[in-house]
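>
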Amino acid sequence: MKIRIALAGIFLIGLACAAHAQFAIRAGYFPNMTHAQALVGRATGRFEKELGPGVKIDWKTFNAGPSAVEALFANAVDLVYIGPNPAITGYIRSQGAAVRVVAGAASGGASFVVRTSANIHSPADFHHKRVASPQLGNTQDVALRAWLRENNLQSTDKGGDVQIIPLANPDQLTLFEKGQLDASWAPEPWATRLIQEGGGQLFVDERSLWPNYRFATTEVVVRPEFLSEHPDLVKKWIAAHVDLTEWIARNVEAAKSIVNQQIAKDTGRLLPPRVLNEAFQRFEVTNDPIRSSLVTSAEHSYEAGFLKQKPELPGLVDVELLNEVLREKKMLPVQ
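The numbers in the numbering used here rise by one with no breaks, and the one at position 58 of the sequence shown is 52.
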C-alpha cells in the first residue's frame, strides 16, 4: 500500500513537473486592426489549438515596430507581427541574424489624417506644421517622410520646417483633440479615430500611393534561430494564421466584434461601431508578404536615413513553410 502511495506521489510530481516544463512561444503584436489575425487568434485560442497542449503562448503587446525589433534583438520574443520597415531595418542591422518574414498579415490600413481646423488643403500647407507618426523609423514614419520628400518638403531634422513628432497613437488622439497636433500618418483604427473623435479629415489613403492599391502593412516575423530550431511549431503557427486570414475575410462582422473585444482588453476601451466599420474598410487581411512593396519600403528607409547603405534583402523573406501550408490546404502559393 505504501509503495502504491509513493508511486502515485511520484506520478503526480511528474505531471506537475511536465506542466511546469511546458514549452512557451513568446509572441508579440500591436493592438491595431492591421494585426487582426493576432487579435482574433489570441481571443479565440486558435493558435493554442493548432500548437497543441504541450505549447503555451506568452503574449506581448507593442506600440510600434522598432520596440518589437529591439525585443527580437534581445531574444525577448520569438515571433511578432510588425510592419515592413522595422523588419527591414532589423534584418539589415543584424545582418539577417534577428529577422525573417515568414508570412504577410495585412495590406493597407494606414492614412494621412489632418486636423480640420489646421487649414491644410495641399502639400504646400504643411510648412511649419506639427505632424505625428507612431514611432521614429516605424512603417508609418517612413511613409510620412517619403511623402514629404516627394512633395518637396523636409522635416526639421533634415533642415526643413515640418516638425515630425514620434508619438504613441493614443497620445496623438489626445493632442488632436486639444488642437496641439496638425496631422498624423496613422494605422487603423487610429486613423479613423483621429477623423471621428479628434476633429480630423482624411488627406491621403496610403493605398492610393501604391500599385494595385496594395502594400504590406503587417508581416509575420520570426527569429531565424527559433525558425531553425522549431520549424514544426512555426509551420503550425502559419497554418493557424492562414486559417484565421480566411475566416476573417469570410466573416467580417464576427471578426470585427472579436477584434474590438481584444483591443479593449489591450487598451482598456472598446471602439465605437462607426470607428470599427470605417476602419475595417481601409485594409485587407492577407497571407502574402507582398515582396515588391518591401523593396520600395526599404528604398524609402534608406532615403530617410534609417539605413546607412542601400538595402539588399536576399534572405529577409522565407515563404517555404507558408507555401507548404498553402499547398496542403489546396491554396495558391505566394511568391
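Backbone N, C-alpha and C fix where the C-beta goes; we use that ideal spot for every residue, glycine too. The model shown is predicted, which means the values in this text are computed figures rather than measured ones.
1. Less than 8 Å between the C-beta atoms of Ser105 and Glu200, yes or no?
2. Which residues in the same chain as Ile4 place their Cβ atom closer than 6 Å to its Cβ, once the five residues preceding and following it in sequence are excluded?
3. Using beta-carbon positions only, say whether Ala210 and Ser101 come within less than 8 Å of one another.
4. Determine the closest residue to Thr38 out of Trp141, Asp237 and Glu171, with distance taken between C-alpha atoms.
5. Would you call the region 116 to 125 in contact with the region 153 to 167, where contact means no fewer than 3 C-beta pairs closer than 8 Å?
6. Exposed or buried, Trp108, counting other C-beta atoms within 10 Å across all chains shown (16 or more means buried)?
7. Who are the near neighbours of Asn254 in its chain, counting only those whose CB is closer than 7 Å to its CB and skipping five residues on each side?
8. Where do the N-terminal and C-terminal ends of the beta strand (DSSP E) with Ala18 fall, by residue?
9. Tell me whether the beta-carbon of Ala58 lies closer than 8 Å to the beta-carbon of Phe24.
10. Buried or exposed: where does Ala99 fall if 16 or more other Cβ atoms within 10 Å of its Cβ makes it buried?
11. Tell me which same chain residues have a C-beta within less than 8 Å of the C-beta of Ala65, skipping the five on either side of it?
12. Taking DSSP's pairing of strands, which residues face Arg143 in a bridge?
13. So Leu167 and Glu191 are in contact, right, with Cβ under 8 Å, and what is the actual spacing, rounded?
On the basis of the data shown:
1. Contact: yes.
2. The predicted model places Ile4 with a pLDDT of 42, which falls under 50 and marks its position as unreliable; any figure quoted below should be read in that light. Cβ contact annotation for Ile4 (same chain, cutoff 6 Å, sequence separation greater than five): none.
3. Going by C-beta atoms, Ala210 is nearer than 8 Å to Ser101.
4. Checking every option, the nearest Cα to that of Thr38 belongs to Asp237.
5. Contact holds: three or more Cβ-Cβ distances are below 8 Å.
6. Note that residue 108 is Val in the sequence shown here, rather than Trp. Around the beta carbon of Val108, 16 or more other beta carbons lie within 10 angstroms, which makes this residue buried.
7. Answer for Asn254: Leu264, Leu265 and Leu270, listed in chain order.
8. According to the DSSP assignment, Ala18 belongs to the beta strand (DSSP E) that extends over Phe17 to Tyr23.
9. Taking 8 Å as the Cβ cut-off, Ala58 and Phe24 qualify as a contacting pair.
10. Buried, by the Cβ-count rule.
11. For Ala65, same chain residues with a beta-carbon under 8 Å away, outside a window of 5 residues either side, are Gly22, Lys54, Phe56, Val71 and Val74 in chain order.
12. DSSP, once it has assigned bridges, lists no residue as partnering Arg143.
13. Contact flag correct, Cβ pair sits at about 6 Å.
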